[in-house]
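Novice:
2 protein chains.
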Amino acid sequence: MARTQGSHSDITGPRIREAALGLFARHGFAAVSMRQIAGEVGVQAGALYNYTPDKQSLLFRLMQDHMQDLLTAYDDLDRFDDPKKALCQFVGFHIRFHLQRPDEVFIAYMELRNLTPENFADIEALRRRYEDSLESILRKGQESGQFSVADTKIATLAVIAMLNGVITWYRSGGRLSLDEVEQVYWDMVRKAVTA
Amino acid sequence: MARTQGSHSDITGPRIREAALGLFARHGFAAVSMRQIAGEVGVQAGALYNYTPDKQSLLFRLMQDHMQDLLTAYDDLDRFDDPKKALCQFVGFHIRFHLQRPDEVFIAYMELRNLTPENFADIEALRRRYEDSLESILRKGQESGQFSVADTKIATLAVIAMLNGVITWYRSGGRLSLDEVEQVYWDMVRKAVTA
DNA sequence: CTTCTATCTGAACGCCTGTTCATATACCAT
DNA sequence: ATGGTATATGAACAGGCGTTCAGATAGAAG
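Chains as they are written, first to last, in the numbering used here: chain F, 32 to 226; chain C, 32 to 226.
1) Run through chain C and tell me which residues come within less than 8 Å of ASN81(F), C-beta to C-beta.
2) The alpha helix (DSSP H) that contains THR83(C), what's its start and end?
3) Cβ atoms of MET65(F) and LEU79(F): under 7 Å apart, would you say?
4) Rank ARG110(C), LEU90(C), LEU165(C) and PRO148(C) by C-alpha distance to the C-alpha of VAL136(C) and give the top, closest one.
5) Flag ALA51(F) as yes if its beta-carbon sits less than 7 Å from any beta-carbon of chain C, otherwise no.
6) Could you give the C-beta distance for TYR216(F) and VAL122(F), rounded to a whole number, given that I count them as a contact under 8 Å?
7) Taking the alpha carbon of ARG57(F) as the point to measure from, which residue in ARG144(C), ARG170(C) and ASP107(C) has its own alpha carbon closest?
8) Using 7 Å as the threshold, is the C-beta distance between ILE198(F) and PRO114(F) below it?
9) Might you give, ordered along the chain, the residues of its own chain that have their beta carbon closer than 8 Å to the beta carbon of ARG46(F), omitting 5 neighbours on each side?
10) Residues of chain F with a CB under 8 Å from the CB of MET5(C): which are they?
11) Do you know how far the Cα of PRO84(F) is from the Cα of ALA76(F)?
12) In terms of residue numbering, what span does the alpha helix (DSSP H) encompassing LEU209(C) cover?
13) In terms of alpha-carbon separation, which member of ASP218(F), VAL74(F) and GLU142(F) lies closest to ILE185(C)?
14) Which residues, taken in chain order from the stretch 196-208 of chain F, show a beta carbon closer than 9 Å to some beta carbon of chain C?
15) For a contact meaning CB atoms closer than 7 Å, what does VAL215(F) contact in chain C?
16) Of the residues LEU169(F), LEU101(F), MET141(F) and MET94(F), which one's Cα is nearest the Cα of PHE128(F)?
17) What did DSSP end up calling GLY73(C) once you bin it into helix, strand or coil?
18) Along chain F, in chain order, which residues have C-beta atoms closer than 9 Å to that of THR225(C)?
19) Name the chain C residues whose beta carbon is nearer than 8 Å to that of ALA76(F)?
20) In angstroms with no decimal places, state the Cα-to-Cα distance between ALA104(C) and CYS119(F).
21) Any idea if GLY172(F) is buried or exposed, counting beta-carbon neighbours within 10 angstroms, 16 or more meaning buried?
22) I need the boundaries of the alpha helix (DSSP H) containing HIS58(F), first residue and last residue.
23) Can you check the stretch 98-177 of chain C for any alpha helix (DSSP H) of at least 4 residues that lies completely inside it and give the ranges in chain order?
24) Between LEU157(C) and GLY196(F), which are expected to be in contact by the criterion C-beta below 8 Å, what is the C-beta distance as a whole number of angstroms?
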């Protein structure tokens with residue numbers, strides 16, 4: 032039998048990506064089979080190929096969608112001119128955005144090595160754009176004398192690395208609320224980049 | 032044919048772990064086959080089983096050895112009582128130790144999900160011991176009034192996350208020397224934990 | 001009521017997987 | 001020289017892999 036009920040094109044596609052997302056995040060891209068993904072969706076493996084040309088593209092699309100969502104969400108903010116306010120906003124945005132998408136974040140930097148060179152370059156470019164938006168805040172603050180860092184590029188990477196650490200331990204309903212976490216990290220970031 | 036020349040037990044074992052280390056770091060545990068590892072060593076896949084009961088144990092041993100080396104190296108330091116000096120020493124130690132072992136570091140926190148629950152618990156305990164040694168520095172500094180952080184546990188994780196970021200971008204012979212990198216990060220850490 | 005098309009099945013393809021084991025060899029000790 | 005042992009081979013096992021495709025079905029369109 033086939034097409035067990037109704038037209039499913041607009042439903043099955045997202046469900047496949049959803050299943051792939053969770054499985055890739057939990058077990059890793061290489062350890063997950065197309066049959067596992069299909070099983071989670073409730074469909075045979077062959078059906079997946081109506082929605083993705085191959086397994087690699089499935090991974091790529093997940094990462095690309097995530098990075099584009101990130102950039103779009105950040106661009107949509109009403110941004111501050113003042114470097115200190117802008118940095119505070121960045122910290123809060125980054126923490127909240129990433130905590131809402133733990134699986135995507137996990138994949139986005141655990142599975143980079145499983146991308147083809149072309150796909151890797153694509154994702155890297157998006158990541159760079161995001162990092163650059165933080166660096167430009169730091170540079171402006173540096174020029175205005177509000178910040179004092181030895182190297183804005185390194186400071187950028189250090190801040191992002193520090194913030195990314197949050198998703199490895201934060202659990203909603205834990206000891207600290209989201210607001211408190213944000214406050215604690217903003218405190219550390221602010222002091223780290225100030226004289 | 033077998034045993035193409037001489038007794039190899041003391042040579043082949045380390046060579047297998049070396050090959051596995053590089054391959055796991057580059058392609059990920061799940062994406063590397065026993066035949067690939069054997070090929071790099073110059074033996075057939077079956078020969079690997081004279082040195083490891085299975086693939087999982089090979090990964091586990093690499094991670095365990097790494098974590099134990101880390102703890103031993105840190106314990107062997109002549110440590111300072113003064114929290115500020117101790118923290119500075121920790122930062123320098125952490126950066127140098129990890130930059131010397133990029134493959135081990137990569138594996139040690141990319142392949143955690145490929146460990147069996149028992150092996151995972153083992154590695155996690157070692158990691159916790161290392162984190163605790165940093166947290167005790169921060170706590171002592173907090174009590175003495177030299178440091179000022181909202182939460183020593185979070186500060187611990189934030190500092191380690193920030194320092195770990197170094198290995199993702201540092202290339203020896205690059206724009207900054209190791210000493211400079213150490214200095215830049217110490218600056219940021221120091222400011223982040225000070226009032 | 002028929003036709004058409006989107007969607008899915010289920011089997012098949014060739015290849016790769018971790019692991020085991022009988023067998024063969026090279027060296028060491030006697 | 002002989003026997004024993006450590007070490008390696010190479011074939012085999014059962015099963016899983018990504019991917020393809022002819023054929024079946026369900027619903028939409030006329």
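For each residue, glycine too, the CB sits at the ideal point set by N, CA and C.
Specialist: So, to answer that:
1) Within chain C, no residue comes near ASN81(F); the closest Cβ sits about 26 Å away, beyond 8 Å.
2) For THR83(C), there is no enclosing alpha helix (DSSP H), as DSSP marks it with neither H nor E.
3) Closer than 7 Å, so yes.
4) Relative to the Cα of VAL136(C), the nearest Cα in the group ARG110(C), LEU90(C), LEU165(C) and PRO148(C) belongs to LEU90(C).
5) Answer no: the Cβ-Cβ gap between ALA51(F) and chain C never drops below 7 Å.
6) Between TYR216(F) and VAL122(F) the beta-carbon gap is near 6 Å, inside 8 Å, which marks them as a contact.
7) With distances taken between Cα atoms, ARG57(F) lies closest to ARG144(C).
8) Their beta carbons are not under 7 Å apart, which means ILE198(F) does not touch PRO114(F) by this criterion.
9) Cβ-Cβ distances below 8 Å link ARG46(F) to VAL72 in the same chain, with the five nearest sequence neighbours on each side left out; the list follows chain order.
10) Within the shown structure, residues of chain C are numbered from 32 to 226, placing residue 5(C) beyond reach of any answer.
11) So the two alpha carbons sit approximately 13 Å from each other.
12) Unbroken alpha helix (DSSP H) run through LEU209(C): 209-224.
13) Minimum Cα distance to ILE185(C) is reached at ASP218(F).
14) Residues passing the 9 Å Cβ filter: GLY196, VAL197, THR199, TRP200, ARG206 and LEU207.
15) Neighbours of VAL215(F) in chain C, taken as residues at a C-beta separation under 7 Å, are given in chain order as ALA181, ASP182 and ILE185.
16) Looking at LEU169(F), LEU101(F), MET141(F) and MET94(F), the one whose alpha-carbon comes closest to that of PHE128(F) is LEU101(F).
17) Looking at GLY73(C) - three-state DSSP - the assignment turns out to be coil, as it is neither helix nor strand.
18) The contacting residues are LYS222.
19) Within chain C, no C-beta atom comes less than 8 Å from the C-beta of ALA76(F); the nearest is roughly 19 Å away.
20) Rounded to the nearest whole angstrom, the C-alpha separation of ALA104(C) and CYS119(F) is 38 Å.
21) Its Cβ being crowded by 16 or more others within 10 Å, GLY172(F) is buried.
22) HIS58(F): member of the alpha helix (DSSP H) spanning 40-58, first to last residue.
23) With a minimum length of 4 residues, the continuous alpha helix (DSSP H) runs that stay inside the stretch 98-177 of chain C are 114-130, 133-141 and 148-175.
24) Actually they do not touch by this definition, with Cβ atoms about 19 Å apart.
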